[in-house]
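Notes follow once the structure below has been shown.
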Amino acid sequence: MPLCLRAIVLFAAVLGSVQGLAGIKTRSFVFSPKVDDKPKLILISGCPGTGKSTFGMSVALDQGILKCISTDTVRAVMRSFVTKEVSPALHRSSYAAANENDDPVRSWLETCTVLSNGVEDLVDDAINRGQSLVFEGVHIIPSRNLIDKWVSAGGVATGCMLKIKDAEAHKMMLRRRGFITGKGDPEEEKIKSFDRIRAIQDDMVRRAEEAQWLLIEQKLDPDPLEMISNNLLGVDLAPLSLPKSETKIDLSFIEEPFAVGASTNGEI
């Protein structure tokens, strides 16, 4: 990646790490001697309306991670430097059609590809600094690449995909987000492209299953934060008797971790 674009995405990381915390669920930080001294990478993917941003900040606070970056932030900064004529995919929504009869999955992958170098550069930067990182966004393609790179560098990592199985519930989430943010028009545009969004979700689920990512259904019990924490600890969360995406988990056999009050001391 050219030096100027690398500077852009690193600037985006600064913006992404100071997002507002309104409506974010928090709890006391927990740690385990097994992972508290290792940098953590948590990748969060999912379609529009699945709650990635709020969940990403919640996970960051839960795990004591100071940096949470959204691919939307990276894209917004890059758009200010790269014109639509140079990179049409950069200026296209993840669910928007590139042409009249295009495939929604192929079009989504194109919007991911234009950000992939920037995303990887930010992950590499966190590895070099020994910092933990949460990275969320629709542009993160579920795969093992970044997870394996992080683990090879001595850290612990996990990927999760947020999904909504019920189509009507998904529409309600989009409308609810438009109401909360006061930006109803963009959400209505997404509902007009809802069939494309659902097709993208189907492909995301397939890729997440192949990459052995956590599949988290919104409103799922147990708490998704517990699923992330225990996955980082290497606890098997998927009993064979239940579908992976709808797992009911009994965590009573897990020893209660040592809890401490919320603190950022020692985090770089």
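Residue numbers (mature numbering (1 follows the signal peptide of the UniProt record, and there is no 0)): -20 to -1, 1 to 248. Think of the CB as a built atom: it goes at the ideal place given N, C-alpha and C, for glycine as much as any other residue. Bear in mind that the values here come from a model prediction, so they are computed numbers and not experimental data.
Short Cβ contact (9 angstroms threshold) for residue i with residue j
i: Ile127; j: Thr138; result: yes
i: Ile49; j: Leu95; result: no
i: Gly98; j: Lys20; result: no
i: Ile22; j: Cys140; result: yes
i: Glu190; j: Lys143; result: no
i: Ala69; j: Ala77; result: no
i: Phe174; j: Leu154; result: yes
i: Ala40; j: Lys47; result: yes
i: Cys92; j: His71; result: no
Closest residue to residue i among the options (Cα-Cα distance)
i: Asp146; options: Gly29, Asp17, Ile24, Val39; result: Gly29
i: Ser209; options: Asp17, Met184, Gly31, Asp42; result: Asp42
i: Trp193; options: Gly214, Phe174, Cys92; result: Gly214
i: Glu100; options: Val39, Glu90, Val54; result: Val54
i: Asp183; options: Phe35, Lys18, Gly26; result: Gly26
i: Asp52; options: Leu212, Asp82, Val66, Lys32; result: Lys32
i: Val207; options: Asp17, Ser38, Glu90; result: Reading off the sequence shown, one finds Met at residue 207, where the question assumed Val. Selected option, being the one with the closest Cα: Ser38.
i: Gly36; options: Arg86, Phe61, Leu113, Asp82; result: Leu113
i: Asp17; options: Lys129, Gln111, Glu169, Asn125; result: Gln111
Cβ distance (whole Å) where residue i is taken to contact residue j below 8 angstroms
i: Ile177; j: Glu116; result: In fact, because the Cβ distance is near 17 angstroms, the residues do not count as touching under 8 angstroms.
i: Arg187; j: Ser123; result: 7 angstroms
i: Ile180; j: Pro84; result: 6 angstroms
i: Trp88; j: Ser74; result: 5 angstroms
For residue i, the residue or residues it bridges with in DSSP
i: Cys48; result: Val114
i: Lys151; result: Answer by DSSP bridge pairing: none, since Lys151 is not bridged.
i: Ile22; result: Val114, Thr138
i: Ile196; result: Leu142
Cβ-heavy atom distance, residue i to the ligand SAH, below 8 angstroms
i: Arg124; result: Among the components of this structure there are no ligands whatsoever, and the ligand SAH is therefore not found.
Contact between the segment 147 to 158 and the segment 103 to 113 (3+ Cβ pairs under 8 angstroms): The segment 147 to 158 and the segment 103 to 113 do not touch, with fewer than 3 CB-CB distances between them shorter than 8 angstroms.
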